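Residue numbers (the working numbering): 14 to 268. Idealized CB from N, CA, C, for every residue including glycine. Computed from a prediction, not measured in an experiment: that's the story for all the values here. First up is the structure itself, then whatever we jot down about it.
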Amino acid sequence: MRIKVLGCYGTEFLQFKSCGFLVDGSVMLDAGTIVSTLTLEEQRGIRDVFITHAHLDHIKDIFFLANNLFEDGGQGLTIYSTKEILQTLQQHFINGIICPDFTAIQQQDAYVLGFETMREGKFYPLDHGISIRAEKVDHNIEAVGYIIRSDYGHIVYTGDTGPTDHIWEVCNTLDKVLAVFIECSFPNELQELANLCGHLTPQTMTLELQKLKEQNCPVFIFHMKPQYLKTIQEEIDALGDKRISMLTENEVITL
Ligand SMILES: [Zn+2]
Ligand SMILES: [Zn+2]
Numbered sequence: 014m015r016i017k018v019l020g021c022y023g024t025e026f027l028q029f030k031s032c033g034f035l036v037d038g039s040v041m042l043d044a045g046t047i048v049s050t051l052t053l054e055e056q057r058g059i060r061d062v063f064i065t066h067a068h069l070d071h072i073k074d075i076f077f078l079a080n081n082l083f084e085d086g087g088q089g090l091t092i093y094s095t096k097e098i099l100q101t102l103q104q105h106f107i108n109g110i111i112c113p114d115f116t117a118i119q120q121q122d123a124y125v126l127g128f129e130t131m132r133e134g135k136f137y138p139l140d141h142g143i144s145i146r147a148e149k150v151d152h153n154i155e156a157v158g159y160i161i162r163s164d165y166g167h168i169v170y171t172g173d174t175g176p177t178d179h180i181w182e183v184c185n186t187l188d189k190v191l192a193v194f195i196e197c198s199f200p201n202e203l204q205e206l207a208n209l210c211g212h213l214t215p216q217t218m219t220l221e222l223q224k225l226k227e228q229n230c231p232v233f234i235f236h237m238k239p240q241y242l243k244t245i246q247e248e249i250d251a252l253g254d255k256r257i258s259m260l261t262e263n264e265v266i267t268l
């Protein structure tokens, strides 16, 4: 699996872009950043978009991507998530007011956008040999993380979450965990704020990692609020945990 970091921050600020990860050139994990970093040719390659929750920093580029692909006359896109998250998207965003209702616009015998409702706990196979499964996490709105399975093992992507248990319990039943992508939004001194809005700090992030049986795989941190980047980095460094590294934009992780 080849994961390209299009954006990995908890907001957009100067060069810092919000969350979007391109897997094997055709699958997006979250859609906060897509079109500002990919050529049209690369955008054409995207088929499946997995949304962790409906906050704008994770969904906004659905609009721009669908628009570009529509103008381009290309194939449709499938947006995956749980029923409640897709309903929120349809009601508040892709609703024909803020954004055209691309699920009702046909092109080349297909709709520009299709919604695929996921049941938690079930792997959904994609064309090129990977499967993806949604599991609930604890954020301040309905949210899931994703587990991606390839022939080599599993990758965990938490999306936005505060302290949570279920997704780790599921991971502990799976064969091989190759890597963890975990959010870490705020520095330790803003613990109260982090708790309030369902996010992690370096100290609570490490408590989450202790819930995972696999203790040797690489851990990639994302969703840092750029304003606190330096402090978060110092606090991560102070942990002295060689598994952990902070993601940067345009980085490519091969697993
Ligand atoms: Zn977010
Ligand atoms: Zn969020």
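Exercise for the section: With hydrogens ignored, establish whether the beta-carbon of H236 is closer than 7 Å to any heavy atom of ligand 1. Expected result: yes
Handout entry: N- and C-terminal bounds of the alpha helix (DSSP H) containing L27
Key = Careful: L27 lies outside any alpha helix (DSSP H) and carries neither H nor E.
Problem - C-alpha gap between C197 and Q246, whole angstroms - result: 10 Å
Exercise for the section: Report yes if the C-beta of D74 is less than 7 Å from at least one heavy atom of ligand 1; otherwise report no. Expected result: no
Handout entry: Closer than 7 Å: G23 CB and nearest ligand 1 heavy atom
Key = yes
Handout entry: Near ligand 2: H105 beta-carbon under 7 Å from a heavy atom
Key = no
Exercise for the section: Report whether the distance from the Cβ of C32 to the nearest heavy atom of ligand 1 is below 7 Å. Expected result: yes
Exercise for the section: Given a cut-off of 8 Å, decide if L268 and L273 are closer than it, judged by their beta-carbon atoms. Expected result: Any answer about residue 273 is impossible in this case: the structure gives the chain only from 14 up to 268.
Practice task
Please report how far the alpha carbon of V36 lies from the alpha carbon of L42, in whole angstroms.
Solution key: 7 Å
Problem - Unbroken alpha helix (DSSP H) run spanning E221, endpoints - result: P215 to L222
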